[in-house]
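Peer 1: First residue of the sequence shown? That's 100 in the numbering used here, and the numbers climb one at a time after it.
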Amino acid sequence: MANAIKSSGMGNDLPPVSTHVHAVQEAHMLFFTVLDDVFAKTRMPPSVVGTLVVNCIGFCPAPSLTAIMANRYRIRADGETLNLSGMGCGAGSVNVDIAAGILRAHGRCAAAQTVAHAH
């Protein structure tokens with residue numbers, strides 16, 4: 100396990116998160132890096148995302164992680180955004196189910212993005 104943590108880059112080199120501001124900065128670093136990569140690899144612009152569902156196990160900032168991501172990527176104004184933060188690690192599958200349900204019910208968006216993080 101120690102080798103997996105060390106090779107992931109998430110080992111002891113990171114400073115401890117001691118304030119809310121540091122935690123928000125860490126969330127920006129994590130989520131924006133991952134989502135930038137997802138959008139680049141899929142060649143899907145964020146503008147086509149009509150549904151954004153976010154879950155983080157225990158970090159619930161204000162504004163919400165969903166609002167932060169929707170603003171950063173300019174998710175469509177008529178899109179659905181749901182924040183499930185605080186629901187635990189099992190909510191990752193709930194994210195997918197909710198996004199699929201919204202896509203089935205509302206044919207107006209071409210794509211949904213789900214984000215789940217167990218911090």
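Glycine included, each C-beta is placed from N, C-alpha and C at the ideal position.
#1: Do you know offhand how far P162's Cα is from N154's?
#2: Expressed to the nearest angstrom, what Euclidean distance is found between the alpha-carbon atoms of L164 and A209?
#3: Would you call T150 buried or exposed, if buried means 16 or more other Cβ atoms sit within 10 Å of its Cβ?
#4: Alpha carbon to alpha carbon, what distance is there between T180 and A166?
#5: Whole angstroms is fine: what's the gap from H121's alpha carbon to C159's?
#6: Please give me, in chain order, every unbroken run of the beta strand (DSSP E) with length at least 3 that falls completely inside the region 116-169.
#7: How should S184 be labelled, buried or exposed, when 16 other C-beta atoms within 10 angstroms of its C-beta is the threshold for buried?
#8: Looking only at its own chain, which residues have a Cβ that is under 6 Å from the Cβ of V137, when we skip the five neighbours before and after it?
#9: Just to check my reading of the structure: A215 and A190 have Cβ atoms closer than 8 Å, yes? What is that Cβ distance to the nearest angstrom?
Peer 2: According to the structure data:
#1: Translated into positions along the sequence shown, residue 162 becomes position 63. Translated into positions along the sequence shown, residue 154 becomes position 55. C-alpha separation (whole angstroms): 14 Å.
#2: Residue mapping note: residue 164 aligns to position 65 of the sequence shown, counting from 1. Residue mapping note: residue 209 aligns to position 110 of the sequence shown, counting from 1. So the two alpha carbons sit approximately 22 Å from each other.
#3: Translated into positions along the sequence shown, residue 150 becomes position 51. It counts as buried.
#4: For the purposes of this step, residue 166 is taken as the residue at position 67 of the sequence shown. For the purposes of this step, residue 180 is taken as the residue at position 81 of the sequence shown. Computed Cα separation, rounded: 8 Å.
#5: Walking along the sequence shown from the start, residue 121 turns up at place 22. Walking along the sequence shown from the start, residue 159 turns up at place 60. Roughly 14 Å separates the two Cα atoms.
#6: Listed in chain order, they are 148-155.
#7: Here residue 184 refers to the residue found at position 85 when the sequence shown is read from its first residue. That one is buried.
#8: For the purposes of this step, residue 137 is taken as the residue at position 38 of the sequence shown. So the list is empty, once near-sequence residues are dropped.
#9: For the purposes of this step, residue 215 is identified with residue 116 of the sequence shown, where counting begins at 1. For the purposes of this step, residue 190 is identified with residue 91 of the sequence shown, where counting begins at 1. Correct: roughly 7 Å between the Cβ atoms.
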